[in-house]
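Engineer: Going letter by letter, the sequence shown gives residues -4 to 436 in my numbering. No residue lacks a Cβ here, since even glycine has one placed at the ideal position from N, Cα and C.
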Amino acid sequence: MNKQAWLDRAAARGFDGLEIYVGRSAGREVKWFGGQMDSFVTSDVTGYSLRAVIGGKTANLALETIDDERIDETLDLLAAQAEIVASEEADVLRAPEAAEPVTGRTVWTAPTADRIIAALAATEKAILSADKRVKQVMEIGWEDSASGREIVNTNGVHVADENRSQVLYAGVAVEENGKVKDGFHVEIVPDLAKVDPAEIARKTVEDALDELGGTPIPSGSYPVIFERRAMTSLFGALTDMYSGDLIGKGISPLKDKLGEAIFSEKITVVDDPRCTDALRVLAYDDEGCPTRRKVLVDRGVFRTPLHNTKSAARMGAESTGNGFKHGYAGTVSVSPMNCSILPGTQTLEELMAQMGDGLVITRLAGLHAGLNHVTGDFSLQCFGYRVKDGKRERNVALITAAGNFLEMMKKVVAVGCDLDWEYRTIACPSVAFESCAIAGE
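(1) Between the stretch 194 to 209 and the stretch 232 to 250, can you find at least three pairs of beta-carbon atoms closer than 8 Å?
(2) Taking only runs of the beta strand (DSSP E) that begin and end inside the stretch 110 to 158, which ones reach a length of at least 3 residues, in chain order?
(3) Out of VAL292, ILE61 and PHE297, state which residue places its alpha-carbon closest to the alpha-carbon of ASP251.
(4) Can you look up TYR164 in the DSSP assignment and give me helix, strand or coil?
(5) What are the boundary residues of the alpha helix (DSSP H) that includes ASP240?
(6) Using 8 Å for Cβ pairs, my map puts ASP177 next to ALA168. What's the rounded Cβ distance?
(7) Between which two residues does the beta strand (DSSP E) harbouring ALA74 extend?
(8) Return the chain-ordered list of same chain residues with a C-beta closer than 8 Å to the C-beta of ASP33, the five sequence neighbours on each side being excluded.
(9) What residues in its chain sit with their C-beta under 7 Å from that of ALA94, if we drop five residues either side in the sequence?
(10) From GLU345 to VAL97, what does the alpha carbon distance come to, in whole angstroms?
(11) Cutting at 6 Å between CB atoms, please list the residues of its own chain near THR41, excluding the five before and the five after it.
(12) Output needed for GLU255: all residues of its chain with C-beta closer than 8 Å, excluding positions within five of it in sequence on either side, in chain order.
(13) Inspect the CB distances between the stretch 142 to 158 and the stretch 120 to 133 and report whether three or more fall short of 8 Å.
(14) Quick test of the definition: if touching needs 3 or more C-beta pairs under 8 Å, does the stretch 349 to 356 touch the stretch 365 to 374?
(15) Are the CB atoms of GLY398 and GLY339 nearer to each other than 8 Å?
(16) For VAL184 and VAL190, what's the separation of their Cα atoms in angstroms?
(17) What did DSSP end up calling PRO218 once you bin it into helix, strand or coil?
(18) Distance check for PRO300 and CYS423, CA to CA, integer angstroms please.
(19) Tell whether a beta-carbon distance below 8 Å holds between GLY385 and ALA348.
(20) Considering only the beta carbon of each residue, do ASP436 and PRO218 sit closer than 8 Å?
(21) For a minimum of 4 consecutive residues, which ranges assigned as the alpha helix (DSSP H) are wholly contained in the stretch 328 to 408?
(22) Are PRO192 and THR104 closer than 8 Å when you measure CB to CB?
(23) Going by alpha carbons, who is nearest to LYS305 out of GLY239, ILE15, MET403 and LEU123?
(24) So which of ILE112, LEU163 and ALA108 has the shortest CA-CA distance to GLN31?
(25) Does DSSP put ASP62 in a helix, a strand or coil?
(26) Go to GLU182, then tell me how far its beta strand (DSSP E) extends in each direction, as first and last residue.
(27) Compute the distance between the beta-carbons of THR357 and GLU222, then report whether it is under 8 Å.
Now the structure itself:
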């Protein structure tokens, strides 16, 4: 694609601006099942997204292939779309801004196909021998990928980057007394030669065993710890509350709360696309705006909403570098990137000892149906275990945790030190709360 030819032609035709976004992804996925390779798939995909501002209106067009011989024909489609756009609020294309380059700290070693197959076979064998309650290895796979972006526009923006990842994943079913539970684990693997199949097996099987034999507890209000995975799920499902777009539209629970204490003083929330502890590290957002570290909540006080260019202009602010797409064909929206609750100093075991008697919640279900994103109310099926005298007692299931997220976040007892990004762009440590309403037997 001759990008400059497209930009020049758009300018010659009187477009207010044109942006070209190129998304690239390539990788391998190997699946193993029943002692043999189930599939080996390679992919290499490039997609194009054009965003034009024409007569004060915005038009978007996504293409899997692009032809320099059809520039005018394609620009005609954008112009026709702009004519029927109802919204008078046009996007604003960025101007060039310098930013310090940033790359992740992980050094990736690409394995051969033979090494991948040997590792998957060894992992399957290790899972099957890890515990007598293992009923079946449901899936084992390897996936490596490289993704890249390039963004250019008529204002002179030209930025590009690339990120990589390599993961080994496994799923297992365990059975005891006729009850079957499943577990799943994903491991980030910079160098497959250094992976211990027995350790992958242990983590996968423990994830399943953690829910085996769970029974309800009496309904009531309990001191509770949301273990890091459960806390990440709940927090992550509600990060849209920090969106300046939703705040400006009045449909966020943080509307009119800037500068107010919304959480306990023990809670600080940071969004940092440049965080090198995370898997994905970005110097620019998907509009070409430089990213930066932001403290959204400082010791309980709401300090900074997230913005893309449009939401910032609407509220008389500056973009925070949080204009992101969901795939090259998506439109730009306000999204967090490497957003987390900062960890404390206590381990999960220390949080349990401090709590004494209570409940640890390890997994939540029904996040899409059981959350009100405008009020922060939630009612979610959950799994975990009882804690007695500071020690794990028995598994718990068939219960529901309910409350209001903002109110609960004001009742934080302590924050754990077990923050782990793994493959996520949102992550939390374990958090202990004074109480949470539990519906059980």
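Structural biologist: With the structure as the only source:
(1) With a cut-off of 8 Å on Cβ pairs, the stretch 232 to 250 is not in contact with the stretch 194 to 209, counting fewer than three such pairs.
(2) Unbroken beta strand (DSSP E) runs of no fewer than 3 residues, entirely contained in the stretch 110 to 158, are found at 129 to 148, following chain order.
(3) With distances taken between CA atoms, ASP251 lies nearest to PHE297 out of VAL292, ILE61 and PHE297.
(4) Residue state, collapsed to three classes: strand.
(5) Looking at the DSSP string, the run of the alpha helix (DSSP H) that includes ASP240 is 239 to 243.
(6) Contact holds; Cβ gap of about 5 Å.
(7) ALA74: not part of any beta strand (DSSP E); member of the alpha helix (DSSP H) spanning 66 to 79, first to last residue.
(8) Only LYS26 and TRP27 meet the Cβ criterion.
(9) By the criterion of a C-beta distance shorter than 7 Å, ALA94 is surrounded in its chain by ALA278, TYR279 and PRO285, once the five residues flanking it on both sides are discounted.
(10) Approximately 36 Å, taken between the alpha carbons.
(11) Excluding sequence neighbours, THR41 sits near ARG19.
(12) Around GLU255: VAL296 and PHE297.
(13) Of all C-beta pairs linking the stretch 142 to 158 to the stretch 120 to 133, fewer than three are shorter than 8 Å, placing the two stretches out of contact.
(14) The stretch 349 to 356, when compared against the stretch 365 to 374, does not touch it at the 8 Å Cβ threshold.
(15) Cβ distance not < 8 Å, so GLY398 and GLY339 don't count as in contact.
(16) Per the coordinates, the alpha-carbon of VAL184 lies some 7 Å from the alpha-carbon of VAL190.
(17) Note: PRO218 maps to strand in three-state DSSP.
(18) Whole-angstrom Cα-Cα distance: 19 Å.
(19) Yes, the Cβ-Cβ distance between GLY385 and ALA348 is below 8 Å.
(20) First, the residue type needs correcting, since residue 436 is Glu and not Asp in the sequence shown. No; because the gap between Cβ atoms is not below 8 Å, this pair is not in contact.
(21) The DSSP assignment places complete alpha helix (DSSP H) segments of no fewer than 4 residues inside the stretch 328 to 408 at 343 to 350 and 400 to 403, in order along the chain.
(22) Note that the C-beta distance between PRO192 and THR104 is not below 8 Å.
(23) Checking every option, the nearest Cα to that of LYS305 belongs to GLY239.
(24) Of the candidates ILE112, LEU163 and ALA108, the one whose C-alpha sits nearest the C-alpha of GLN31 is ILE112.
(25) Of the three classes helix, strand and coil, the one that applies to ASP62 here is coil, per DSSP.
(26) In the DSSP annotation of this structure, the continuous segment of the beta strand (DSSP E) that includes GLU182 starts and ends at 174 to 183.
(27) Between THR357 and GLU222, the C-beta gap is smaller than 8 Å, which places the two residues in contact.
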